Structure formats: structure tokens, C-alpha cells
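**Student:** Taken in sequence, the protein lines are chains H and R. Heads up: the first sequence begins at 1 in UniProt numbering, then just goes up one per residue. Heads up: the second sequence begins at 1 in UniProt numbering, then just goes up one per residue. Just so you know, even glycine gets a beta-carbon here, dropped at the ideal spot from N, CA and C. This one's a predicted model, so the numbers in the text were calculated from it and none came from an experiment.
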Amino acid sequence: MKKTISRIYVIFVFILLYAPIAVLIAFSFNNSRTRAKWGGFTFKWYLQMFQDAEIMGALRNTLILALLSATIATLLGLMASLSLNRMKRRNRTVMLSILNIPMLNADIVTGISLMLIFIAFGQFLSHYGYTIVFGFGTVLVGHITFNIPYTVMSILPRVSAINPSTYEAALDLGASPSQAFRKVVFPDILPGILSGFLLAFTLSLDDFVITHFVKGPGFDTLSTKIYTEVRKGIKPEMYALSTLLFLGVLLLLIVVEKGKGARNKNRKPAY
Amino acid sequence: MKKKNNALLTGPYLIWTVAFIVIPLILIVYYGFTDGNHRFTLDNLSRITDPVTLKALLLSLLLSALATAICLVMAYPLAMILSRMKSGASAIITTIFIIPMWMNSLLRIFAWQTLLERNGVINQLLSFLHLPPQHLINTPAAIALGMIYDYLPFMLLPIYNSLTKLDWNVVNAAYDLGANGRQTFFRVIVPLTMPGIVSGITMVFVPALTTFVISDFLGGSKVLLIGNIIDQQFTQVGNWNVGSGLSLVLMVFILVSMAVMQHFDTDEEAARSIL
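1) What do you reckon, are the CB atoms on R/Thr17 and H/Ser83 nearer than 8 Å?
2) Spell out whether any CB of chain R is found under 8 Å from the CB atom of H/Ala169.
3) Exposed or buried, what is H/Tyr130 when buried is set at 16 or more other beta-carbons lying within 10 Å of its beta-carbon?
4) Anything in chain R within Cβ reach of H/Tyr9, meaning under 8 Å, just list it in chain order.
5) Which value, in whole angstroms, describes the spacing of the CA atoms of H/Thr145 and H/Pro102?
6) Kindly indicate the opening and closing residues of the alpha helix (DSSP H) around H/Arg92.
7) With a cut-off of 8 Å, does the C-beta of H/Asp52 fall near any C-beta of chain R?
8) Give me the Cα-Cα distance between H/Thr228 and R/Ile70, rounded to the nearest whole angstrom.
9) So, with DSSP's three-state summary, where would you put R/Ile274?
10) Select from the segment 100–116 of chain R all residues with a C-beta closer than 9 Å to any C-beta belonging to chain H, and list them in chain order.
11) Using a Cβ-Cβ distance under 8 Å, would R/Glu269 count as near chain H?
12) Against R/Ile201, what residues of chain H qualify as contacts under a CB-to-CB distance less than 8 Å, listed in chain order?
13) According to the neighbour-count rule (16 or more other Cβ atoms, all chains shown, within 10 Å of its Cβ), is H/Glu54 buried or exposed?
14) Could you spell out the range, first to last residue, of the alpha helix (DSSP H) harbouring R/Ser105?
15) Answer with yes or no whether the minimum CB distance from H/Ala120 to chain R is below 8 Å.
16) Assign H/Asn163 to buried or exposed, taking buried as 16 or more other Cβ atoms, counted over all protein chains shown, within 10 Å of its Cβ.
17) Name the residues in the segment 187–208 of chain H whose C-beta lies less than 9 Å from a C-beta of chain R; which are they?
18) Which residues does DSSP pair with R/Thr34 in a beta bridge?
19) Would you call the segment 117–131 of chain R and the segment 197–213 of chain R touching, i.e. three or more CB-CB distances under 8 Å?
20) Hey, how far is the Cα of R/Val170 from the Cα of R/Asp265?
21) Which residues in chain H have a C-beta closer than 9 Å to the C-beta of R/Asn241? List them in chain order.
22) Straight-line CA distance for H/Asp206 to H/Trp45?
23) Do H/Ile148 and H/Leu76 come within 8 Å of each other at the CB atom, strictly closer than that value?
24) Which bits of chain R does H/Phe246 rub up against, with CB to CB less than 7 Å?
25) Once you ignore the five residues that flank R/Leu54 on each side, which residues in its own chain have a CB closer than 8 Å to its CB?
26) For the segment 11–41 of chain R, which residues have a CB atom closer than 7 Å to at least one CB atom of chain H, in sequence order?
27) With a cut-off of 8 Å, does the C-beta of H/Pro20 fall near any C-beta of chain R?
28) Go ahead and pull the three-state DSSP assignment for H/Phe124.
29) According to DSSP, which residues form a beta bridge with H/Asn30?
30) Given this structure, state the Cα-to-Cα distance separating R/Ile137 from H/Leu245, to the nearest angstrom.
31) According to a CB-to-CB cut-off of less than 9 Å, which residues of the segment 82–112 of chain H neighbour chain R?
32) Taking 8 Å as the threshold (beta carbon to beta carbon), is R/Asn172 in contact with chain H?
33) Along the chain, where does the alpha helix (DSSP H) containing R/Leu66 start, and where does it finish?
34) For chain R, check one thing: does any of its Cβ atoms lie closer than 8 Å to the Cβ of residue 294 of chain H?
35) Between R/Met194 and R/Asp167, what straight-line distance do the alpha-carbon atoms span, to the nearest angstrom?
36) Tell me which residues share the same chain as H/Tyr115 and place their Cβ nearer than 7 Å to its Cβ, disregarding the 5 neighbours each side in the sequence.
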């Protein structure tokens, strides 16, 4: 009896979570501009989506941003983890709590604070004849900023777990400092670096709020594109895009889970 | 050599942190406490008492608290059931429940718009069953529903993680010592999974309190949350001082809620150290 109830409950939540997604997918094949009726099966929204230069441009921006911001944030996170590990305990606590601000703070506040700093930098630079254009660059800086705490969160535990004697032993055995780092320390940190990179990559893909405030007109990622389209009134192409994105995420997750076994990470909602 | 090395490592992220985390926050405080002519003022903060703004803030608090409570009530039993499954099945089925979290969150809210609209799926189902259509979209209830749907996985995951770490021998010991089901649940299982509950609540409450997308999509322009008011100040009105002032007020609420949650968290750790 108890088992039946829990089974029904699990199925109930499953349906609640997936029904809306199923509806999106169904509408992506609906051959009718209005959602009021089913007009037969079609692939035309997919074709139109691929021919829509704006959607494709937004897709390209999103991917380039995710790749670049995740790479730079991982690099900065690695440097931060290495130096934090050498700090005195109190300094480390202070630094970590400052670094974690973008992770704990509301995205809307992080977004407007970055917007204000870019405007302030722009005003400062204008005295020297330079300008800051809101667009790819500002969004990239924003994404790197909110990604750093997540990469540090993944890398720092790995760095602290390293026994410093192994590095010293490598030096004693004749390795140069860079050899010792590459061949002894780095392999131990690598899993943290990879999971930090992946986390940063997906967070950047998904971000809307911070991008919304620092992007400026004329530059769009998929999230901001979806936002404007939905506010204007729904285009059926959006359903096609949703379906493809859902399948993409599913594929990525299967690949990742296969690679590392079922392990889940805490992450923050995108807004 | 080592000192120089350290400076090279520390320098870049330290500069980054100061430039893009510390100074921006100081700027919000500066804008929040000054007027357009850089003179000190408290007007921006007191704008929170404007009837429209105050209503939006109260509605935000109400809806995010409601959504958090419902997420907790829904997620906890689910996490219990999932964590009690055989280990192989448990991991796979839990992943199924977490997958929607990785899907673009705007699209998930957009999906609910499709369901709740005047000519949406639910109303069409109702008319198919010869029932009168319901006014679903652009109501506070629709926004709460969107919050629950969007953030449920963020409640589920931390609770599930802390339940899988739970030592069930302790639970059995409670039964052996004569506790009934309810006593065991509230006095043993819940306190031991408090860290998961706390992080789940924070991960749902803060984004729900500050969202403007969910209310944009499911509330039309009829139901405003505090996030919408702040967003409008920056993207439409262009009054950064008022926007910053309201953000500061919002941050106070976030800090208070975090402090409260932190309090529960340390209490539980203290309890565990006594054990």
C-alpha cells in the first residue's frame, strides 16, 4: 500500500516536470501558426529556425561565450585556488567570502552592479578618448565574473588535498618546478578543473539575468533572444529551438554522466 | 622567487575580484544613497514605501515564501522515496528529476505560458470536456506555479544528497528505542538532513524573491514583483539611483533570510557535535 502511494507520487511529480516540456516538443511539429488547433505534422519550423539569421547568430554568440568564459574562468579559478591554498587561514576565509559574493547574491543585483561599473569605466575612459561598447566584451566579463566562484569551488578542494611533499619530492628527484607542477601536481587537480569547466560552461549557456543587464542593444544570446521573442508574442520557431536545446542538453548530460558516473552537482538557478 | 610566483598567481584574480565584484557593489551603495547630482539622500531607499513598489515587494515575499514552502513539502517525500531505492535505480531516477534543471529556464517558464494562456492547452482541455474556461495566466497563482516548477529540482537535489548520507542505523535505533514514525521523522531524520533543507530553501527562496522573468512571462504586465520594478528602473526608466536604492532594500531581505537559514544550519552542526 505504502509502496503504491510512493510510486504514484513519483509518477505524479515526473508528469508535472515533463508535461510542459512534452507540450513544447509537440507544438514544434504543429503545422499551424496558432496554438488553438492542431494543423498536422510538419518540420517547417525547424527549417525556418535554421534559416533565421538572428537565432543562428544568438546561438553562435552563446556557444562562443560559454567556451571562452568557461576557459578563462577555469584559468583564473585555478590560479586563485593555488594562491588561496598558500594563504593564511584568515586571509583565505576573507578572500573566499568575497569571491563567493556572485554565487550567493541575487543575479539581478550582480547584473546591475556590473552594468554600473561598465558605465563608470566608460565615463572614466572617455576622458582619454576611449569608449566601452556594451556587447560581447561586457557580457564575457560578466560571465567570467559569475563563473569564477564555481570553478574555485570545484578546484580548491582538489588543491588542498594535495600533499606538498610530493611536489618537493619531485624537485629533489631533479624535476624543474614547471615539470614538477605539470607531471605531479596537475594530474591530481585535473578532475576538479574539468568539472569546474563543465559547470562554468553550462552556467554560461543558461544565464539570462546578468547577460540582460550588460549586453547592450543589438547583441543577443539565446536566452535574451528567447526573452524578447516571448515578450513580442510567440513564434513557432521558438518551439523548435526549445526542442533542439532540450535534446542537446540531454545528449550532453548522457555523455558527461557516462564519463564520470552518476554524480550530481549543486548549482544555482539561472535567476 | 616564491614570493614573486605568489604575486603572479594572486594578482590577476585579485584585480578581477576588486574590479568586478567589490567596486560594483560599492557603486550600487553609492548610487543608492545619492541623487542625480551626487548629493547624499535617503529618497531612493524610501521609494520602497511607494504603494506600487511596496505592493510588489510584499507580493514577492509572499509568493517566494509560498513557493519555497510548497517546493519543500513536495521535494522532501520525493527525496525520501528516491533515496530509499536500490542504489543503481536511485541514481538514474534522480538524474531524470534533475534534468529539467539543466534546460534553459526561460523555456521552462515559456512552456507554462503555453499551458496557462487564454487559448492555452489547459483551457482547450477544459472546453473539450465542456467545462468553462478559467482565467489562469496573469495571476499571482500562475507566478507561484512557475516558481515551484522552475525551482523544484533545486530543492530536491540538496535534500536528496543529504538523505543519501544519512545513517539509517540511527533511524532504526530511534524505532528500537520506542519512537513512532512521526517522532522519528521530526526528531531524527529532519534534524540530520537540515543542511540539505537549508541549502534547498536558500536556493529556491533567493531566486524566487528576485525573479522578474517568471512574473514577466506568467504575470503579463498586470502582476509586478519587486524584480520587475528594479528591472524597469534600469532598462526603461533609466533611474539608476532609485534602482540601486531598491536593490539595496532587496539585498537586506536576502541577507536577513540567509542569516536566519545559517542560524538553523549551525544549530544542527552544534547538535551533531554533541552527539
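**Tutor:** Taking the definition as stated:
1) no
2) no
3) exposed
4) Pro77, Leu78, Ile81
5) 7 Å
6) 89–99
7) no
8) 30 Å
9) A caution first: R/Ile274 carries a pLDDT of 39, below 50, which makes its placement in the model too unreliable to give a value.
10) Pro100, Met101, Trp102, Met103, Asn104, Ser105, Leu106, Leu107, Arg108, Ile109, Phe110, Ala111, Trp112, Gln113, Thr114, Leu115
11) Summary for R/Glu269: the model assigns pLDDT 49, below 50, so the residue's position carries little reliability, and this model does not support an answer.
12) In chain order: nothing, as chain H lies at least about 13 Å away.
13) exposed
14) 105–116
15) yes
16) exposed
17) Thr202, Leu205, Asp206, Phe208
18) R/Phe40
19) no
20) 20 Å
21) What R/Asn241 touches in chain H: nothing, since even the nearest Cβ is about 11 Å away.
22) 23 Å
23) yes
24) Met103
25) Ile48
26) Pro12, Tyr13, Trp16, Thr17, Phe20, Ile21, Val22, Ile23, Pro24, Leu25, Leu27, Ile28, Tyr31
27) yes
28) helix
29) H/Phe41
30) 25 Å
31) Leu82, Ser83, Leu84, Arg86, Met87, Met95, Ile98, Leu99, Ile101, Pro102, Leu104, Asn105, Ala106, Asp107, Ile108, Val109, Thr110, Gly111, Ile112
32) no
33) 51–83
34) An answer regarding residue 294 of chain H cannot be provided, because it is not within the stretch 1 to 271 covered by chain H.
35) 14 Å
36) According to the sequence shown, residue 115 of chain H is Met rather than Tyr. Closer than 7 Å at the Cβ level, and outside the excluded window around H/Met115, lie Phe213, Val214.
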